[in-house]
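Asker: Structure in structure tokens, see below.
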Amino acid sequence: DGNLRREFEERVANDPKFAGSARERLRFFFNRSPYHDQNLNLYPVGRVTTEIESRYFIKHT
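Here the working numbering is used: the first residue of the sequence shown is 1, the next is one more, and so on.
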């Protein structure tokens, strides 16, 4: 992909830390691949606002 190549080359030219890190360069391509999981380490968090009858919940006062 020409756009990907341009973006990579521009980043290498403008970011010395990126250019010197094989790990960051690999991550650059992995994050743009279909194998990158957008939801990795994303946990759903919610709040119950009504009374729930269940033996699995501990009622905090």
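Every residue gets a Cβ at the ideal spot worked out from N, C-alpha and C, and that includes glycine. Computed from a prediction, not measured in an experiment: that's the story for all the values here.
1) Look at leucine 4 and arginine 23 and say whether their C-beta atoms are less than 8 Å apart.
2) What are the boundary residues of the alpha helix (DSSP H) that includes arginine 11?
3) Just how far apart, CA to CA, sit valine 112 and proline 34?
4) Excluding five sequence neighbours on each side, which residues of the same chain lie with their C-beta closer than 7 Å to the C-beta of phenylalanine 8?
Answerer: Checking against the coordinates, here is how it stands:
1) no
2) 2–14
3) In the structure as shown, the chain begins at 1 and stops at 61. Residue 112 is therefore absent and cannot be evaluated.
4) Phe28
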